[in-house]
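Last residue of the sequence shown: number 220 in our numbering, and the count goes up by one each step with no gaps.
Where a beta carbon is used, it is the ideal one built from N, C-alpha and C, also for glycine.
Comments concern the structure below.
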Amino acid sequence: MPEERLLTMSTFLDTLENPKENSVFYIQEQNSNFIHSFHKLWPDAESEISWASEAFGKYPDAVNFWMGDERAITSMHKDHYENIYCVMSGEKNFILHPPTDLPWIPYQNYPSAVYKEYKPGKWIIEPINETLDSRRITSTPWICIDPLNPDYEKYPEYRNIHNLKVTLRAGDILYLPSLWFHHVTQSHACISINYWYDMEFDIKYAYFKALETLCK
Numbered sequence: 005m006p007e008e009r010l011l012t013m014s015t016f017l018d019t020l021e022n023p024k025e026n027s028v029f030y031i032q033e034q035n036s037n038f039i040h041s042f043h044k045l046w047p048d049a050e051s052e053i054s055w056a057s058e059a060f061g062k063y064p065d066a067v068n069f070w071m072g073d074e075r076a077i078t079s080m081h082k083d084h085y086e087n088i089y090c091v092m093s094g095e096k097n098f099i100l101h102p103p104t105d106l107p108w109i110p111y112q113n114y115p116s117a118v119y120k121e122y123k124p125g126k127w128i129i130e131p132i133n134e135t136l137d138s139r140r141i142t143s144t145p146w147i148c149i150d151p152l153n154p155d156y157e158k159y160p161e162y163r164n165i166h167n168l169k170v171t172l173r174a175g176d177i178l179y180l181p182s183l184w185f186h187h188v189t190q191s192h193a194c195i196s197i198n199y200w201y202d203m204e205f206d207i208k209y210a211y212f213k214a215l216e217t218l219c220k
């Protein structure tokens, strides 16, 4: 997990333009921060995407504001949300794999931990002691391949994936379906807003869970 900090916007922008060594600052709090923390920007963006709300039959669970530079990279993962991703400024680059590619995507268990800066530019990784239903969580399964530089010798099955690449520029919108795997890079000072609509846990989810079980 990344270290979290509470900064003024002016401090964040100064840091973005004058980056610190070994420190990557990225506004990425995924708790509907556009609604809760960026109310002064409300006149500049919608609180929902009307056609998406109509199509999904519900309002978004979360509206998130994102801003960072080209060093902020989101590793490959999937979400249990229908995602409407809108770029306001700059450029976002997505690498996408459909859920049916799960058998070819390698996972590895990593210790549950968080980065901590103990002095400027120097970091340690501290274990996180979490519990869920009285069970201690010591590790988290995560995708262990970099799609920008895949190690085919170590993960030869990754050659079987369906690789889709999408570039979003200012004014573009991407519908990213739930359970699709995605890896994201961006340009300097890219600004985005995304709308998370809760997925339907229907037959498609049941099929995915069955595939997940078969892959274990």
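Nearest-angstrom Cβ-Cβ length linking residue i and residue j, presumed shorter than 8 Å
{"i": "serine 116", "j": "threonine 144", "result": "5 Å"}
{"i": "phenylalanine 38", "j": "isoleucine 197", "result": "6 Å"}
{"i": "alanine 174", "j": "glycine 94", "result": "7 Å"}
Range of the contiguous beta strand (DSSP E) that encloses residue i
{"i": "histidine 101", "result": "95–101"}
{"i": "proline 145", "result": "143–147"}
{"i": "methionine 71", "result": "66–72"}
Residue-level contact to chain D via CB, residue i, 7 Å cutoff
{"i": "tyrosine 63", "result": "Note that chain D does not occur in the displayed structure, where there is just one protein chain."}
Bounding residues of the alpha helix (DSSP H) (the contiguous stretch that carries residue i)
{"i": "histidine 84", "result": "It is not in any alpha helix (DSSP H) - histidine 84 carries neither H nor E in the DSSP assignment."}
{"i": "serine 4", "result": "The requested residue 4 does not occur in the structure, where the chain is confined to residues 5 to 220."}
{"i": "isoleucine 39", "result": "37–41"}
{"i": "methionine 13", "result": "13–21"}
Exposure of residue i, with buried meaning 16 or more beta-carbon neighbours within 10 Å
{"i": "threonine 135", "result": "In this predicted model, threonine 135 has a pLDDT of only 47, less than 50, meaning its place in the structure is not dependable; the value taken from the coordinates is given anyway. Under this definition threonine 135 is an exposed residue."}
{"i": "cysteine 194", "result": "buried"}
{"i": "cysteine 4", "result": "No answer is possible for residue 4: it lies beyond the span of the chain, which begins at 5 and ends at 220."}
{"i": "methionine 5", "result": "exposed"}
{"i": "valine 118", "result": "exposed"}
{"i": "proline 47", "result": "exposed"}
{"i": "serine 138", "result": "Any reading at serine 138 must be qualified, since the residue scores a pLDDT of 46, below 50, and its modelled position is unreliable; the value itself is stated next. The residue in question, serine 138, is exposed, as its Cβ has fewer than 16 Cβ neighbours within 10 Å."}
{"i": "isoleucine 132", "result": "exposed"}
Item to check | Contained beta strand (DSSP E) runs [length at least 3] in the segment 166–217, N- to C-terminal order | outcome: 168–173, 177–180, 185–190 and 194–202
Checklist entry - Is it a yes or a no for the segment 160–173 touching the segment 76–86, going by three-plus beta-carbon pairs under 8 Å? => result no
Next on the checklist: Taking 8 Å as the cut-off, does the segment 182–192 touch the segment 68–79 (at least 3 CB pairs, one atom from each stretch)?
Outcome noted: yes
Checklist entry - Does the segment 56–63 touch the segment 143–158, meaning 3 or more C-beta pairs lie closer than 8 Å? => result no
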